[in-house]
Amino acid sequence: MSADLFCEIIAGERPAHIVDSDDVAVSFLDTRPVFKGHVLVVPRGHVETLTDLADVGPFFERVRAVAGAVEEGLQAGGTFVAMNNRVSQSVAHLHVHVVPRNKKDGMRGFFWPRTKYASAEEAASYADAIAAALRRTPE
């Protein structure tokens with residue numbers, strides 16, 4: 039495993055608000071969310087880009103489940119799901135952004151402000167709501 043930030047989170051060496059974790063992927067809150075409840079879904083094994091991902095189906099099943107859980111758990115109107123490959127990829131570990139969306143939320147195209155959680159407790163409440171919705175979602 040390469041020593042990147044996401045590998046450290048996966049290994050439990052760095053704290054994160056984990057939403058879900060299994061043998062395929064780990065999902066956790068972005069520390070600089072576009073909107074509160076913004077989740078990153080990363081493959082458990084170190085993979086840098088989408089073209090490096092050998093088994094796409096199981097990984098994107100997790101992305102799909104998280105997108106549904108963000109909508110349900112946060113009563114969001116929808117989600118924005120995106121990823122970068124190399125350019126604008128802040129961590130060299132494949133990650134998919136799942137961002138809660140609502141009409142008139144201020145997001146325009148690909149330019150948006152980032153926000154912060156008021157506290158670790160507030161971040162944990164968002165992670166818990168999404169995780170609870172994931173547990174209710176049949177696979």
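In our numbering, the protein residues as written are 39 to 177.
All residues carry an ideal CB built from backbone N, CA and C; glycine is no exception.
In terms of Cα proximity to GLU109, the closest of ALA169, ASN123, ILE47 is ALA169.
A direct Cα-to-Cα measurement between MET145 and LYS74 gives close to 13 Å. PRO71 sits close to LYS154, with the two beta carbons spaced by under 9 Å. As DSSP reads the structure, ARG139 sits in a beta bridge with GLY116. In the three-state DSSP reduction, VAL125 falls in the coil class, being neither helix nor strand.
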